[in-house]
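Numbering (the working numbering), first residue to last: 931 to 1454.
For glycine and all other residues, C-beta sits at the position ideal for the given N, C-alpha and C.
Note sheet for the following structure.
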Amino acid sequence: TVMSGRAPTVDAHDRDQTLRRVGYRSVAGPERQGVPVVGEVTVYPPGTPHRAALDTLAPKLIRRLRPGAPWLDTARRRDARIVRAGAHSMLLVPIRARGVVLGLACLYRWRDRAPFDHRDLRLARQLTAHAGQCLDNARLYGRERSAARVLSGGFAQAQATVGTAVELARTHLPAGTGGGWSDAIPLSGSRVALVAGDTTSGTSAPGAMSELRAAIEVLADLDLPPDDILQRLHDLASRPGGPPTGTGSEPADGPPATCLCVVYDPVSRLCTAASAGHPPPVLVHPGGDVELLDVAAGPPLGQGLARYGLTERALPAGSTLLIYNNALLTGAGGRDAMLDRLTDLFAAPHASLQAACDTCADALAPEQSPRDAYLLLARTRTMDDSRTKAWTFPNAPESAREARRRATEQLTEWGLAQDVIDDIALVVSELVTNSVRYAQGPIRLRLIRDSTLVCEVTDDSSASPHLRRALSTDENGRGLFITAQLTRRWGVRPSGRGKTLWAERSLVYGEDGEGPGRTGADEA
């Protein structure tokens, strides 16, 4: 188990517990092999001092080893070798570290006629204590490195596309000492969040990576803009007991954690980005021109004052975003050299986006990097105008009726089923009514037909509504409850100085649980 990175269990000292010889050295020279030889497994049966040392976790000093000792069985190859070599004294010391038994050190004396004594035992205990720490560090390192590869490689099984927004490709070059990661998270309104970062190196890297990735997924699900996401991640990393990012009472053994968050909207082609000490993305135009997006980098997570600027840029249709980490940037020789090499690389045709990603990563990566390197390519897509429709209504009670009529006409034109049309028409009426009641300015309604049907209502009120349980005697308060019953999911996100209420419904009636009979009153 130790060789595979796992620690023996507390009850591992059973009758069939095996040990594998991993090292042997004799004064007779390197050509002399032990029994068993290095790599072979063996079992120490009950009644032997070896087994007693493992069972009691106490070293055994046998000053005078006699060939006729009752535990010696010359039918066993190991015991026969001990007798044949003339070993006359023996030391057995369990190898331990952090309360875990890792193995057994066996020392035999056969040329020197002086037996082992307590000074030899003390020295042997010191040596095995140090060896145990080294072995356990290696075991932990191997386990954490394996975990880091699993976590970093999880993205490789993701779909090559995220809705209508982008086509994705990713190349990860693990060095085993870093916590580099990237993700693509679907958002409401057919948008996508592209997030990437570097955490500390060492044994804390996988834990920090998984915590930050989980936190980002939760924050992205709240539909927060990129700068707000980084602000909250900074607060999380600054708390005692937060993810290990190079701050706090236990300093990380590498650079602090960085993060980049990019949100792309395929309807407006608007890209918004914010950075916490992470390299800015590279934009490759459809014609092959390469430029570095001007994204102001705020402080790394958990360090300094959390001031993160938001950069907005309308992207050309069919452009490609390159997101990478410092390991790839260093291997390329700096930003200017990286842009020059990317210009040459994208001037040549590629069989696929993944082929382009692999080629760029191999060309930019250093030959020997102390940290993980990765490259994420996202080729942007644009929502066709025929699949989206928007209207603006005055803030008046009759706007709910007019919005419902317009939505019904558009959904009928798209050829949707009547039950879907009826559900969305009711949702539109409820959401617009909510805006009429609590907002002051004009109300904007937008419908998006993607893999699902999305309904969005935007107003100038920053107050976020919440689902509540209306009593049977209440005359209002059921709008969001009805919306939750008829749709797959719903939510609210900031929009300028106001907000956008959105709801998403399957194009097939009854799919994913929406429709009559779904319960959700306790979600308030």
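Could I get the ranges of all uninterrupted beta strand (DSSP E) runs contained in the segment 1271-1334, with 3 residues as the minimum, in chain order? Within the segment 1271-1334, complete beta strand (DSSP E) segments of at least 3 residues are found at 1303-1310 and 1318-1323, given in chain order.
Restricting to Cα atoms, I'd like to know which of 1209, 1248, 1232 and 1240 is closest to residue 1260. Taking the sequence shown and counting its residues from 1, one reaches residue 1260 at position 330. Looking at the Cα atoms, 1209 is the closest of the given residues.
Confirm, please, whether the CB-CB distance from residue 1357 to residue 1289 is below 8 Å. Stepping through the sequence shown from its first residue, residue 1289 is reached at position 359. Stepping through the sequence shown from its first residue, residue 1357 is reached at position 427. Taking 8 Å as the Cβ cut-off, residue 1289 and residue 1357 do not qualify as a contacting pair.
For residue 1212 and residue 1458, believed in contact at Cβ under 8 Å, the rounded distance: The question about residue 1458 has no answer, for the chain in this structure spans 931 to 1454.
How would you write the range of the beta strand (DSSP E) that residue 1031 sits in, first residue to last? Along the sequence shown, read from residue 1 onward, the residue named residue 1031 stands at position 101. Where residue 1031 is concerned, the enclosing beta strand (DSSP E) stretches over 1030-1039.
What does a CB cutoff of less than 8 Å around residue 1380 pick up in its chain, not counting 5 residues either side in sequence? Residue 1380 sits at position 450 when you count from the first residue of the sequence shown. Contacts found: 1093, 1094, 1120, 1313 and 1317.
Please confirm whether residue 1308 and residue 1250 have their CB atoms less than 8 Å apart. Your numbering for residue 1308 matches position 378 in the sequence shown. Your numbering for residue 1250 matches position 320 in the sequence shown. Closer than 8 Å, so yes.
Which of helix, strand or coil DSSP assigns to residue 1254: For this step, residue 1254 is matched to residue 324 along the sequence shown. Three-state DSSP puts residue 1254 in a strand.
Is the Cβ-Cβ distance between residue 974 and residue 987 less than 8 Å? Here residue 974 refers to the residue found at position 44 when the sequence shown is read from its first residue. Here residue 987 refers to the residue found at position 57 when the sequence shown is read from its first residue. No; because the gap between Cβ atoms is not below 8 Å, this pair is not in contact.
According to DSSP, which residues form a beta bridge with residue 1023? Numbered from its first residue, the sequence shown carries residue 1023 at position 93. For residue 1023, which the question treats as bridged, DSSP gives the partners 1035.
Tell me whether residue 1191 is buried or exposed, calling it buried when 16 or more other Cβ atoms sit within 10 Å of its Cβ. Start at 1 with the first residue of the sequence shown, and residue 1191 comes out as number 261. Buried.
Could you please give the first and the last residue of the uninterrupted alpha helix (DSSP H) stretch that includes residue 1360? The residue labelled residue 1360 in the question sits at position 430 within the sequence shown. For residue 1360, the enclosing alpha helix (DSSP H) starts and ends at 1348-1368.
Per-residue burial, residue 1348 [other beta carbons within 10 Å of its own, 16 or more giving buried]: Locating residue 1348 in the sequence shown gives position 418, counting from the first residue. Under the 10 Å beta carbon count, residue 1348 is surrounded by fewer than 16 other beta carbons and is classified as exposed.
Alpha carbons only, please: which of 1113, 1387 and 1301 is nearest the one belonging to residue 1329? Residue 1329 sits at position 399 when you count from the first residue of the sequence shown. Comparing Cα-Cα distances from residue 1329 to each of 1113, 1387 and 1301, the minimum goes to 1387.
Candidates 956, 1021 and 993: closest to residue 1015 by CA position: By 1-based counting over the sequence shown, the position of residue 1015 is 85. The candidate whose alpha carbon is nearest that of residue 1015 is 956.
Taking the CB atoms as reference points, tell me whether residue 1100 and residue 1306 lie closer together than 8 Å. In the sequence shown, counting from the first residue as 1, residue 1100 sits at position 170. In the sequence shown, counting from the first residue as 1, residue 1306 sits at position 376. A contact, by the Cβ cut-off of 8 Å.
Would you decide whether residue 1062 is buried or exposed? Buried here means 16 or more other CB atoms lie within 10 Å of its CB. Start at 1 with the first residue of the sequence shown, and residue 1062 comes out as number 132. A residue is called buried when at least 16 other Cβ atoms come within 10 angstroms of its Cβ; residue 1062 meets this threshold and is buried.
Span of the alpha helix (DSSP H), counted from its first residue to its last, around residue 1116: Working through the sequence shown from its first residue, we reach residue 1116 at position 186. Counting along the chain, residue 1116 falls outside any alpha helix (DSSP H), though it belongs to the beta strand (DSSP E) covering 1111-1116.
With a CB to CB cut of under 7 Å and the five nearest residues on each side skipped, what residues in its chain are close to residue 1089? Working through the sequence shown from its first residue, we reach residue 1089 at position 159. Note that residue 1089 scores a pLDDT of 49, beneath 50, so its modelled location is shaky; the value from the coordinates is reported in the next line. The answer is none, since no qualifying residue turns up.
Cα-Cα separation, residue 1167 to residue 1396: By 1-based counting over the sequence shown, the position of residue 1167 is 237. By 1-based counting over the sequence shown, the position of residue 1396 is 466. Going from the Cα of residue 1167 to the Cα of residue 1396 covers about 29 Å.
Please list the terminal residues of the continuous beta strand (DSSP E) segment that includes residue 1013. For the purposes of this step, residue 1013 is taken as residue 83 along the sequence shown, with counting starting at 1. No beta strand (DSSP E) contains residue 1013, which is instead part of the alpha helix (DSSP H) from 1007-1015.
Taking three-plus beta-carbon pairs below 8 Å as touching, is the segment 1199-1206 in contact with the segment 1222-1240? Taking a cut-off of 8 Å for Cβ pairs, the segment 1199-1206 and the segment 1222-1240 touch, as three or more such pairs fall below it.
Residue 1466 versus residue 1282: straight-line alpha-carbon distance, rounded: Summary: the structure shown does not reach residue 1466, with the chain confined to residues 931 through 1454, and so no result is reported for it.
At which residues does the beta strand (DSSP E) containing residue 1157 begin and terminate? One-based indexing of the sequence shown puts residue 1157 at position 227. Counting along the chain, residue 1157 sits inside no beta strand (DSSP E); it lies in the alpha helix (DSSP H) bounded by residues 1156-1168.
Measure the C-alpha to C-alpha separation of residue 1116 and residue 1122 and round it to an integer number of angstroms. Residue 1116 sits at position 186 when you count from the first residue of the sequence shown. Residue 1122 sits at position 192 when you count from the first residue of the sequence shown. Cα to Cα, the separation comes out at about 5 Å.
Taking the DSSP output, what are the residues bridged to residue 1201? Position 271 of the sequence shown, counted from the start, is the residue given in the question as residue 1201. According to DSSP, which records beta bridges pairwise, residue 1201 is partnered with 1194 and 1243.
DSSP state of residue 1215, grouped into three classes? Locating residue 1215 in the sequence shown gives position 285, where the first residue counts as 1. DSSP places residue 1215 in coil when its eight states are reduced to three.
Status (buried if at least 16 other CB within 10 Å, exposed otherwise) for residue 1449: For this step, residue 1449 is matched to residue 519 along the sequence shown. The predicted model places residue 1449 with a pLDDT of 33, which falls under 50 and marks its position as unreliable; any figure quoted below should be read in that light. Classification for residue 1449: exposed.
Rounded to whole angstroms, what is the Cα-Cα separation between residue 1021 and residue 1037? Mapped onto the sequence shown, residue 1021 falls at position 91. Mapped onto the sequence shown, residue 1037 falls at position 107. Note on geometry: alpha-carbon atoms of residue 1021 and residue 1037 lie some 5 Å from one another.
According to DSSP, simplified to helix, strand and coil, what is residue 1221? For this step, residue 1221 is matched to residue 291 along the sequence shown. Of the three classes helix, strand and coil, the one that applies to residue 1221 here is strand, per DSSP.
Simplified DSSP assignment, three categories, for residue 1389: Here residue 1389 refers to the residue found at position 459 when the sequence shown is read from its first residue. In the three-state scheme derived from DSSP, where H, G and I count as helix and E and B as strand, residue 1389 is classed as strand.
Taking the alpha-carbon of residue 989 as reference, which of 959, 1050 and 1102 has the nearest alpha-carbon? The residue given as residue 989 occupies position 59 in the sequence shown. Closest in C-alpha terms to residue 989, from the list 959, 1050 and 1102, comes 1050.
Measure how close the beta-carbons of residue 1018 and residue 1039 come, nearest whole angstrom, since I'm counting them as under 8 Å. As a working mapping, residue 1018 is identified with position 88 in the sequence shown. As a working mapping, residue 1039 is identified with position 109 in the sequence shown. Confirmed, about 6 Å.
Quick one: what's residue 1420 bridged to in DSSP? Reading the sequence shown from its first residue, position 490 is the one you call residue 1420. Answer by DSSP bridge pairing, in chain order: 1433.
My output table needs one value for residue 1004: the three-state DSSP class, helix, strand or coil. Here the question's residue 1004 lines up with position 74 in the sequence shown. In the structure shown, residue 1004 sits in coil (DSSP, three-state: anything other than H, G, I, E or B).
Below 6 Å CB to CB, which residues in the same chain sit around residue 1355 once its five sequence neighbours on both sides are set aside? Residue 1355 sits at position 425 when you count from the first residue of the sequence shown. Hits under 6 Å: 1334, 1337 and 1338.
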